[in-house]
Each structure stands twice: as C-alpha cells, then as structure tokens.
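Report on the structure given below.
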Amino acid sequence: MLHCGSRISKLCRSPVTPPFNFPRRLLIKFEFSSLFQAKGLNTYDEESDEFLPWLERKARTKISSMLSIGKSAYGRSLFASENIRTGDCILKVPYSVEITPDNLLPKIRAILSDKIGTVSKLAIILLVERKMGQSSGWAPYICCLPQHGEIHSTIFWSEYELNMICQSSVYQETVNQKAKIEKDFAAVVPALQQFPDLESITLQDFMCAYFSVTSRAWESTKGLSLIPFTDFMNHDGVSKSIVLFDDDKMFSEVIADRNYAPGEEVLINYGKFPNAMLLLDFGFTVPYNIHDQVQIQLSIPHDDNLREMKLELLQHLTPKIKDAVGFNCPEDTFIIKEVRSPRGKGKGLPQALRAFARLLCCNSSQELSDLAMEAAQIDGRLARRPLKDSRREFKAHKMLSSHITQLMQKYDTAIKSLPVNSPSMSNTFTLRRQMAHDLLTGELRVLKSASIWLNNYCAVLKSTSNCRSQWKNRI
Ligand SMILES: C[S@@+](CC[C@H](N)C(=O)[O-])C[C@H]1O[C@@H](n2cnc3c(N)ncnc32)[C@H](O)[C@@H]1O
C-alpha cells in the first residue's frame with residue numbers, strides 16, 4: 001500500500017488507451033500477466049464458487065464473465081475462464097459494491113475521534129461486519145479476508161524474527177507502524193465500548209483488519225476503497241496493466257494488456273514497490289526486486305569544529321533552498337536505488353546525498369561560505385555541483401564510499417547470520433526467513449551498485465587530478 005502522506009503517489013499508466021480518466025493514485029496498481037502461471041495452481045475453490053454470483057446480485061450487474069476465483073501458491077487468485085484478448089475488459093466493479101469509509105455506521109462515526117485515519121476507519125468497518133457474522137451484507141467477502149496466522153507482514157513478526165532485518169529501514173518502519181496502529185486502536189476503543197457487540201474486539205483483531213486494508217485497498221479520486229473480487233488478484237512486478245476508475249460511470253475496471261488462454265492465472269502489478277514496502281504492507285517479498293532501495297543516514301559529527309556553522313548554513317537558508325536541498329538538520333536520510341551503470345551519471349545516487357557529503361567534508365569556514373555563495377548564484381541548491389577542488393570532491397565521495405562499505409559489511413553479516421534452514425523450523429519461520437533473505441540481499445545489491453559507482457567516480461577524479469599535477473610539474 002502507498003501510505004497516506006508518507007509515501008509518494010504515482011500516476012498509473014496502462015499500455016491500453018483507456019476510454020476514461022486514470023485514477024489519481026492506486027494503493028494497489030493492477031497489472032497482470034501469466035508469468036507466474038507455473039505457480040498458479042488454479043485448484044477449484046469451492047468456497048469461492050458462490051462469491052462472484054453473490055457480488056453480481058449485490059451489484060445488480062455483470063462483473064466478469066472472463067475470470068474465476070481459484071487457489072494459487074499465494075492464496076486466492078483470479079484465473080482466465082475463457083480466452084481473453086488484449087484490450088478486453090476483464091472485470092468491471094461498480095462503486096456501489098466497493099467498501100469506502102462512507103460505509104462506517106453513522107452511530108460509530110459520530111463518536112469516533114477526528115484523528116482516526118482512513119485505513120483505521122476501513123479496518124473498523126471490516127471488524128463490525130465480521131462481528132455481524134452471516135447477517136452482514138458483506139459476509140461472503142469478510143470471510144475471504146486473511147486471518148491472524150496467515151499474515152506475514154512484519155507487524156506480525158516476533159522480536160526474534162524482526163532482528164533478522166534490523167539492518168533494513170523496514171525494521172524502524174515496522175516499529176512506527178505498530179505504534180500508529182496501537183495509537184489508533186487506543187482512540188477507537190472508547191467508541192467500540194459503546195456497543196456491547198464490539199467491545200470484545202482486541203488489538204490483534206484490529207491489526208489484522210488494518211493489514212487487510214493496507215494489502216488490499218486502492219486510493220482513487222474518491223479516496224480509499226476496498227474492491228471485492230478485484231482484490232483477489234496477486235502481484236507480478238513485471239506486469240503492466242492497471243485498475244482504472246471511471247468516476248462518471250462509477251465503476252472500476254481492469255483491461256487485458258495481452259491474450260490469455262483459459263486457466264491462466266491473471267496477475268497484476270501492485271506498483272513499483274521495494275521489498276521493504278511489500279513486506280510491511282503486503283506481507284511478502286519477491287526474490288529479485290528491481291525497485292529495492294536503501295536508506296542512508298548521514299550526520300554532522302558532534303566533534304566537527306564547523307558543526308555549528310554547517311547547521312547554521314543548513315538552517316538559515318530560505319525555505320525554498322532548504323526544500324530543494326532536501327536536508328535542513330544535522331542528520332538526514334537519503335534513499336538510494338540501484339545504480340544501473342558503474343560509469344553512468346550516478347542515477348540512483350541522489351544529488352542531495354552527494355551534496356550533503358560535500359558539505360560534511362568542508363573543513364574551513366571559507367569553503368562553507370563559498371558553497372553558500374555558489375548556491376545563491378545558481379538555483380539556490382547547496383553543493384549540487386562538483387567541488388572546484390577535485391581533491392575535496394574526491395574526499396567527499398571517498399567518505400560516502402567508506403560509509404557504504406561499512407553498511408555493506410553489516411548487511412553481509414546480517415545475511416550470513418540468518419538461521420540455517422532446517423526441517424525443525426516452522427513453515428511460518430522458514431517463509432519469513434526467506435523474506436528476510438530477499439530483503440537483505442536486494443538492499444545489499446543496491447549498496448554494491450552505489451559502491452561500484454562511487455569507486456569509479458573517485459578513480460576518475462584521482463586520475464584527472466594526477467594528470468593535472470603532472471602537467472603542472474612539467475610547466
Ligand atoms: C490483494 S491480496 C491478493 C489476493 C490474496 N492472494 C487472497 O488470497 O485473497 C494481496 C495478498 O496476496 C498475497 N500475494 C499477492 N501477490 C503475491 C506474490 N507475488 N507473492 C506472494 N504473495 C502474494 C499476499 O499475501 C498479499 O498480502
């Protein structure tokens with residue numbers, strides 16, 4: 001899921017020209033292919049057999065004649081039930097059968113704190129409907145949602161399991177997410193206590209419902225919603241199709257971007273998510289994830305004589321400059337992605353990170369003033385250009401390189417310390433250990449690519465400055 005505020009929304013594009021507007025943002029962006037067909041078991045799912053007819057009766061319209069629900073290696077999934085051709089609309093779900101915060105019972109909404117977020121509101125709806133059992137108008141959907149024990153999001157990992165991934169930023173994100181859920185639950189409890197049927201809802205129930213929302217909801221122009229049936233589709237990171245929302249006709253739909261034979265599993269793309277996000281929000285990882293990324297934290301050391309001046313420079317720049325620079329505190333976090341070419345321009349190594357490194361390596365007030373003046377003369381962004389003195393530019397990047405080397409060593413140790421697979425391990429632990437391995441190896445790959453690029457950049461700087469000094473000596 002793309003978390004509200006903290007995660008960047010991206011417009012979704014479909015290879016098929018849609019006849020209507022794209023959604024602003026999808027919590028899950030649907031793309032599909034049969035890449036994983038080998039894993040798509042398509043065993044007949046008796047329980048789900050009645051699901052689509054039930055939803056179509058509720059919607060009073062046909063939703064899909066081309067897809068059926070089956071069981072896959074990753075739980076329920078949708079499979080082609082007939083030949084599908086590129087451009088076919090394979091499902092169309094009216095907004096009337098999507099679950100949005102508007103479905104919250106007015107009597108509960110009236111006593112809920114304003115601070116409760118949309119994810120929590122949807123989670124409460126799911127919990128209320130579950131408590132209603134068979135009398136719920138959503139009962140067939142509710143009983144398909146994941147239960148505690150089937151969920152592998154890191155919010156459900158034990159401390160021991162979490163320790164396997166303490167190198168990754170997802171560790172802290174998990175701690176933060178759990179704290180947020182606990183806070184929301186504490187705010188929800190007084191409202192639940194007003195209703196005898198709901199007061200037995202536990203934090204664990206709330207966490208499961210919260211996970212159902214983060215792993216299955218979309219965000220579109222109309223806000224956050226759960227889309228029954230569509231949310232049975234599993235993820236394939238290389239697929240291209242998406243769910244489209246037609247606000248005029250009030251339905252969401254998926255259009256085939258290729259042909260499918262009957263029985264093929266139809267997979268979609270949830271978005272360009274790194275394993276860290278897949279793990280936290282969806283409870284799974286992919287073995288080789290091209291979207292993996294690593295958080296790098298740099299700080300101005302307390303024993304740096306110029307610390308105050310560096311802070312001053314960062315803090316007293318105009319807000320525009322601060323935003324553009326991307327840092328305004330002694331310690332900052334930068335996201336790096338895999339650097340594709342060791343000799344390329346460093347795509348993946350954020351300019352802001354390199355700029356911070358240049359600032360950190362300044363060792364005179366004159367150098368700092370020069371940087372500030374240069375920033376003012378160009379676009380206001382600090383230290384974005386290579387330093388004129390190539391030895392200082394070298395030093396800044398060497399510092400980054402050694403920081404990344406240290407991180408690589410820590411990741412390497414973490415991977416080597418993963419418990420060795422053994423038959424005595426529970427299935428759950430074996431799976432989570434594998435997820436930890438996917439996550440750590442992906443992040444290590446990102447670090448290695450950055451390290452190669454930095455070493456190459458430093459080598460070029462060194463040879464250039466050597467050439468220059470040899471040339472100077474000759475004159
Ligand atoms: C939107 S639901 C998809 C339907 C789900 N399989 C079900 O049984 O209802 C997302 C969940 O499906 C599973 N899933 C989807 N794609 C996966 C993949 N590529 N690998 C592993 N699990 C996947 C994860 O459990 C995830 O939380």
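Going by UniProt numbering, the sequence shown opens with residue 1, and the numbers climb by one from there.
Built from N, CA and C at the ideal position, the CB exists for glycine as well.
Output the distance between the C-alpha atoms of residue i and residue j, rounded to the nearest integer angstrom.
| i | j | result |
| --- | --- | --- |
| Ser401 | Asp88 | 50 Å |
| Ile300 | Leu447 | 21 Å |
| Ile290 | Leu349 | 15 Å |
| Thr333 | Ile296 | 5 Å |
| Asp248 | Ser225 | 17 Å |
| Cys458 | Met277 | 32 Å |
| Leu427 | Asp438 | Looking at the sequence itself, residue 427 is Asn, so the reference to Leu does not match. The straight-line gap from Cα to Cα measures roughly 17 Å. |
| Asn455 | Ser239 | 34 Å |
| Pro386 | Asn176 | 37 Å |
| residue 491 | Ile84 | Nothing in the structure corresponds to residue 491, since the chain is present only between 1 and 475. |
| Arg392 | Leu382 | 16 Å |
| Glu253 | Thr61 | 13 Å |
| Tyr74 | Glu150 | 11 Å |
| Arg343 | Glu182 | 47 Å |
| Asp102 | Trp138 | 15 Å |
| Ser14 | Glu367 | Here Ser14 scores only 29 on pLDDT, less than 50, and its place in the model is too uncertain to base an answer on. |
| Lys71 | Val97 | 23 Å |
| Gln315 | Ala372 | 12 Å |
| Asn328 | Ala375 | Note that Asn328 has pLDDT 43, beneath the 50 cutoff, so the model's placement of it is unreliable and no number is given. |
| Leu360 | Asp379 | 21 Å |
| Thr464 | Ser390 | 8 Å |
| Phe356 | Asp292 | 22 Å |
| Asp370 | Lys310 | 12 Å |
| Val460 | Arg384 | 19 Å |
Looking only at C-alpha atoms, which of the options sits nearest to residue i?
| i | options | result |
| --- | --- | --- |
| Arg358 | Ile336, Gly380, Asp332 and Met399 | Met399 |
| Tyr411 | Glu393, Ala436 and Ser426 | Ala436 |
| Arg433 | Asp49, Trp218 and Cys166 | Cys166 |
| Ile124 | Phe211, Ser365, Arg85 and Glu82 | Phe211 |
| Tyr288 | Leu298, Val243 and Lys272 | Lys272 |
| Gln194 | His397, Leu461, Leu112 and Ala396 | Leu112 |
| Ala261 | Val460, Ser68, Tyr95 and Asp49 | Ser68 |
| Ser77 | Ser169, Pro106 and Phe229 | Phe229 |
| Ile336 | Val294, Thr441 and Val93 | Val294 |
| Tyr141 | Ile452, Lys310, Thr464 and Leu52 | Leu52 |
| Phe429 | Phe156, Val189, Asp231 and Phe232 | Phe156 |
| Leu203 | Ala187, Glu56, Arg216 and Ser158 | Ala187 |
| Phe251 | Thr413, Glu173 and Ile99 | Ile99 |
| Ala352 | Asp303, Asp236, Phe394 and Leu298 | Leu298 |
| Asp303 | Arg354, Asn363 and Leu313 | Asn363 |
Does the beta carbon of residue i fall short of 7 Å from some heavy atom of ligand 1?
| i | result |
| --- | --- |
| Asn234 | yes |
| Gly283 | yes |
| Arg130 | no |
| Tyr74 | yes |
| Pro77 | The sequence shown places Ser at residue 77, rather than the Pro named in the question. Flag set: Cβ of Ser77 near ligand 1. |
| Cys166 | no |
| residue 519 | Only positions 1 to 475 of the chain appear in the structure, and residue 519 is not among them; the question remains open. |
| Cys144 | yes |
| Val170 | no |
| Val266 | no |
| Arg432 | no |
| Asp248 | no |
| Val286 | yes |
| Arg385 | no |
| Ser216 | Before going further, note that residue 216 is Arg rather than Ser in the sequence given. Yes, ligand 1 has a heavy atom inside 7 Å of this Cβ. |
| Asp231 | yes |
May I ask you to list the residues that DSSP assigns as paired with residue i?
| i | result |
| --- | --- |
| Trp218 | Ser225 |
| Lys178 | DSSP, once it has assigned bridges, lists no residue as partnering Lys178. |
| Pro386 | DSSP, once it has assigned bridges, lists no residue as partnering Pro386. |
| Gln293 | Lys337 |
| Glu312 | Note: Glu312 sits in no beta bridge, so no partner. |
| Leu244 | Glu253 |
| Cys89 | Ile255 |
| Leu78 | Ile69 |
| Ile99 | Leu226 |
| Pro94 | Phe251 |
Contact defined as beta carbons within less than 8 Å: I believe residue i pairs with residue j. What is the distance between those atoms, to the nearest angstrom?
| i | j | result |
| --- | --- | --- |
| Ala118 | Gly223 | The residue you asked about is not Ala; residue 118 is Thr in the sequence shown. Right, the Cβ-Cβ distance comes to about 7 Å (below 8 Å), so this counts as a contact. |
| Asn275 | Val286 | 7 Å |
| Ser200 | Val339 | That belief does not hold up - the Cβ atoms of Ser200 and Val339 are roughly 52 Å apart, past 8 Å. |
| Phe245 | Ser220 | 4 Å |
| Leu440 | Ile415 | 5 Å |
| His152 | Gly283 | 4 Å |
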